[in-house]
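Student:
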Amino acid sequence: MQCPSCNQPANTFFRFAFTREGVTISEGLKGYLRCQHCGTLLRIARFRKQVWYFVAALAIAFFIFHEIVLKPLFQAKVGVRTTMVCWIGSVLVWVSFYIFGLWKYRVVEKVEEESKSAEKATA
Ligand SMILES: [Zn+2]
Numbered sequence: 004m005q006c007p008s009c010n011q012p013a014n015t016f017f018r019f020a021f022t023r024e025g026v027t028i029s030e031g032l033k034g035y036l037r038c039q040h041c042g043t044l045l046r047i048a049r050f051r052k053q054v055w056y057f058v059a060a061l062a063i064a065f066f067i068f069h070e071i072v073l074k075p076l077f078q079a080k081v082g083v084r085t086t087m088v089c090w091i092g093s094v095l096v097w098v099s100f101y102i103f104g105l106w107k108y109r110v111v112e113k114v115e116e117e118s119k120s121a122e123k124a125t126a
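Following my numbering, the numbering of the sequence shown begins with 4 at its first residue and continues without gaps.
As structure tokens, this is what we get:
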């Protein structure tokens, strides 16, 4: 994800996943973030079309994994705890992939700080 203002990567995946990206929580929920290089306020404009292929591929991969690995594992009666750990582990892995896809394929646009504060005043 490039920053439209300075043409540097606007943030890292780590920063995306574990920080508020330089904005307040409510701004973050509205899709705002700040560029890690130049501090420009950005907004997620849309996701690239590839995100749908990514999500579809992920769903198929999960299904195959479930059929090949999880189902035989559960049928082998490995015990409730092992089953739970495997389930939670695999769900966590897939959720991470999903979040990674959202990060990778989002497209940001520059937000004029004035227009945003004007928007806030009218809201
Ligand atoms: Zn920037």
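Glycine is no exception: its CB is placed at the ideal position from the N, C-alpha and C atoms.
Going by the CB atoms, is the gap between R49 and V88 shorter than 9 Å?
Tutor: Result no, Cβ atoms of V88 and R49 do not sit closer than 9 Å.
Student: Does the beta-carbon of F21 have 16 or more other beta-carbons within 10 angstroms, so that it is buried, or is it exposed?
Tutor: Flag for F21 reads exposed.
Student: Quick one: grab the DSSP three-state call for P133.
Tutor: As displayed, the chain neither begins before 4 nor continues past 126, which places residue 133 out of reach and without an answer.
Student: Looking at G34: is its Cβ nearer than 9 Å to the Cβ of R23?
Tutor: It is not a contact, given that the beta carbons lie outside the stated cut-off.
Student: Considering only heavy atoms of ligand 1, list every residue whose Cβ is less than 6 Å from one of them, following chain order.
Tutor: Listed by chain position, these are C6, S8, C9, Q11, A13, C38, H40, C41, T43.
Student: Work out the CA separation of L61 and F19 for me, nearest whole Å.
Tutor: Approximately 20 Å between the Cα atoms of the pair.
Student: Could you give the distance in angstroms between the alpha-carbon of L76 and the alpha-carbon of T86?
Tutor: C-alpha separation (whole angstroms): 8 Å.
Student: So, does the stretch 6-20 touch the stretch 93-112, judging by three or more C-beta pairs under 8 Å?
Tutor: Yes, since at least three Cβ pairs between the stretch 6-20 and the stretch 93-112 fall closer than 8 Å, the two stretches touch.
Student: Along the alpha helix (DSSP H) that carries Y108, what are the first and last residues, could you check?
Tutor: Run containing Y108: none; DSSP gives neither H nor E here.
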